[in-house]
Every structure is written in structure tokens, then in C-alpha cells.
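**Q** Here the sequence shown is numbered in my numbering, starting from 1 and rising by one per residue.
Beta carbons: idealized from backbone N, C-alpha and C, even for Gly.
In this text, all values refer to a predicted model and were calculated from it rather than measured experimentally.
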Amino acid sequence: MHTINLQAEYDFAREDHVFGPRVAVYYNMVVGGKRIFVTDVGGANFGLELAWDI
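Structure, rendered in C-alpha cells:
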């Protein structure tokens with residue numbers, strides 16, 4: 001199976017803040033193969049990073 005994988009992510013974190021949200025999107029496109037399901041897949045990811053002084 002041959003696929004093209006695309007992904008983009010952006011980090012909204014700032015230097016002096018405790019919370020740092022981030023968002024990502026991805027898309028996997030099937031471009032070839034034999035005896036496979038030709039199903040493209042996409043999705044999104046949301047995350048939160050926490051930072052503190054130890």
C-alpha cells in the first residue's frame with residue numbers, strides 16, 4: 001500500500017503562561033496498492049501543555 005501522509009501542528013504556548021494549547025490536523029491519502037481498502041483517513045488533535053517552576 002502506498003500513502004501520502006500530511007500533518008500540520010501549531011503550538012499556542014507563550015513563555016510566561018502556565019497553559020499552552022496546541023492543535024494538529026492530519027490526512028492520510030491512499031495512492032496505490034493491490035487488494036486493499038482505498039479509504040482516506042483524516043482527523044484532528046487538540047492538546048494542552050502545562051508548565052510550572054520546580
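Which same chain residues end up closer than 7 Å to D11 when comparing Cβ atoms and leaving out the 5 residues on each side of it in sequence?
**A** Within the same chain, D11 has close Cβ partners G20, R22.
**Q** Ordered along the chain, which non-local residues of its own chain (more than five positions away) have a Cβ less than 8 Å from that of I36?
**A** Correct list, in chain order: M1, V30.
**Q** Give me the residue from Y26, G32, D16 with the minimum Cα distance to T53.
**A** Looking at the sequence provided, one finds Asp at residue 53 rather than Thr. Nearest of Y26, G32, D16 to D53, Cα basis: D16.
**Q** So the beta strand (DSSP E) H2 belongs to, where does it begin and stop?
**A** Start and end: 2-11.
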